[in-house]
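A.B. asks: Protein chains in written order, with full-length UniProt numbering: chain U, 1 to 117; chain V, 1 to 117.
Ideal placement from N, C-alpha and C gives every residue a C-beta, glycine not left out.
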DNA sequence: GCCCATACTGACATTTATGTGGGTACCCGG
DNA sequence: CCGGGTACCCACATAAATGTCAGTATGGGC
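Rendered as structure tokens:
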């Protein structure tokens, strides 16, 4: 008896943040901006992510309609992930954020992160 | 013996996401965009956040240099939070994300979030 | 003396996110 | 029959984020 409970959001930014989820989805989206990638390619494109977490993220992003999963019935298996239009539009909306990060990266890296939290 | 360990980031987006932290900092930034707010005002401007979490977020954002904390020595106490230039620039970079969320809010709310995770 | 309002602090519980190490399935070539 | 290569799945462990609830300090007004 799973209910498909709908969330409500206080504003657009709230909704966008919910879609981005944790710290990985944005990077995965970013990695896929230049075209489809196989599972292993995505993993290499997102340094530091564990296999299991990547799978979870990809599944969630597929469920939210951000990306498309194409399975090729081959051996060894081949699965390609690509952005949907929805995912592409989110990617575009995140671009300024990426630029902001680039511009301020030195300052951000200089933050004593262990003392912050 | 706290070490001020610096993180490194794979790209600007990675860094920006780290600064935004969880699901609240973006909304707090957004709430402060029109000028300083007192603690209680921020809380009312960010529906759903608990007092404790708000305090933690504000402290972290102060530590990362996103906002400024001004204490007025009065009784009852008065503390005003305002964006720094740094915070303001991040806010500007998040604007497109907010707009994206607005545009797609119906679709986002229709996502069966309980089945996603 | 007591209560008010405000901005906290602290102990604790829970939920969510992330990570680790293993195993599975497939077909092929050796 | 065995190992290679790929994309997974599973049980489990930990870390990080968030939430609940009670309590504190202050000085003015009653």
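Do you know whose CA, among 71(U), 64(U), 109(U) and 100(U), lies nearest residue 16(U)'s CA?
C.D. replies: On the first chain, position 16 is the one that residue 16(U) refers to. Closest by alpha carbon: 64(U).
A.B. asks: DSSP on residue 78(U), reduced to helix/strand/coil?
C.D. replies: Walking along the first chain from the start, residue 78(U) turns up at place 78. Residue 78(U): strand per DSSP, three-state reduction.
A.B. asks: Are the stretch 26-38 of chain U and the stretch 76-92 of chain U touching by the rule of at least three beta carbon pairs closer than 8 Å?
C.D. replies: Touching, per the Cβ criterion.
A.B. asks: If you compare alpha carbons, which of 68(V), 27(V), 83(V) and 8(V) is closest to residue 47(V)?
C.D. replies: Looking up residue 47(V) in the second chain gives position 47. Per the Cα distances, 27(V).
A.B. asks: Tell me, to the nearest whole angstrom, how far the beta carbon of residue 96(V) is from that of residue 93(U); I am working on the premise that it is less than 8 Å.
C.D. replies: Translated into positions along the second chain, residue 96(V) becomes position 96. Translated into positions along the first chain, residue 93(U) becomes position 93. That belief holds up - the Cβ atoms of residue 96(V) and residue 93(U) are roughly 5 Å apart, short of 8 Å.
A.B. asks: What is the rounded straight-line gap between the Cα of residue 52(V) and the Cα of residue 91(U)?
C.D. replies: Your numbering for residue 52(V) matches position 52 in the second chain. Your numbering for residue 91(U) matches position 91 in the first chain. Rounded to whole angstroms, residue 52(V) to residue 91(U) spans 33 Å at the Cα level.
A.B. asks: Of the choices 101(V), 110(V), 62(V) and 13(V), whose alpha-carbon is the least far from that of residue 144(V)?
C.D. replies: Since the displayed chain V opens at 1 and closes at 117, residue 144(V) lies outside it and no answer follows.
A.B. asks: Would a check of beta-carbon distances place residue 101(U) closer than 7 Å to chain V?
C.D. replies: Here residue 101(U) is taken as the residue at index 101 of the first chain, counted from 1. Yes - at least one Cβ of chain V is within 7 Å of the one on residue 101(U).
A.B. asks: With residue 43(V) as the anchor, note down where its alpha helix (DSSP H) starts and where it stops.
C.D. replies: Residue 43(V) sits at position 43 when you count from the first residue of the second chain. Where residue 43(V) is concerned, the enclosing alpha helix (DSSP H) stretches over 39-45.
A.B. asks: In terms of residues, what are the limits of the beta strand (DSSP E) holding residue 67(V)?
C.D. replies: Counted from its first residue, the second chain places residue 67(V) at position 67. Counting along the chain, the beta strand (DSSP E) containing residue 67(V) begins and ends at 67-72.
A.B. asks: In three-state DSSP terms, what is residue 32(U)?
C.D. replies: The residue labelled residue 32(U) in the question sits at position 32 within the first chain. Coil at residue 32(U), not helix or strand.
A.B. asks: How many angstroms separate the CA atom of residue 73(U) from the CA atom of residue 112(V)?
C.D. replies: As a working mapping, residue 73(U) is identified with position 73 in the first chain. As a working mapping, residue 112(V) is identified with position 112 in the second chain. Using only the alpha carbons, I get a separation of about 29 Å.
A.B. asks: Can you find the residues in the same chain that come closer than 6 Å, C-beta to C-beta, to residue 45(U), ignoring five residues on each side of it along the sequence?
C.D. replies: Numbered from its first residue, the first chain carries residue 45(U) at position 45. Within the same chain, residue 45(U) has close Cβ partners 31.
A.B. asks: Express the C-alpha separation of residue 109(U) and residue 22(U) in angstroms, rounding to a whole number.
C.D. replies: Within the first chain, numbered from 1, the residue matching residue 22(U) stands at position 22. Within the first chain, numbered from 1, the residue matching residue 109(U) stands at position 109. When rounded, the distance between both Cα atoms is 19 Å.
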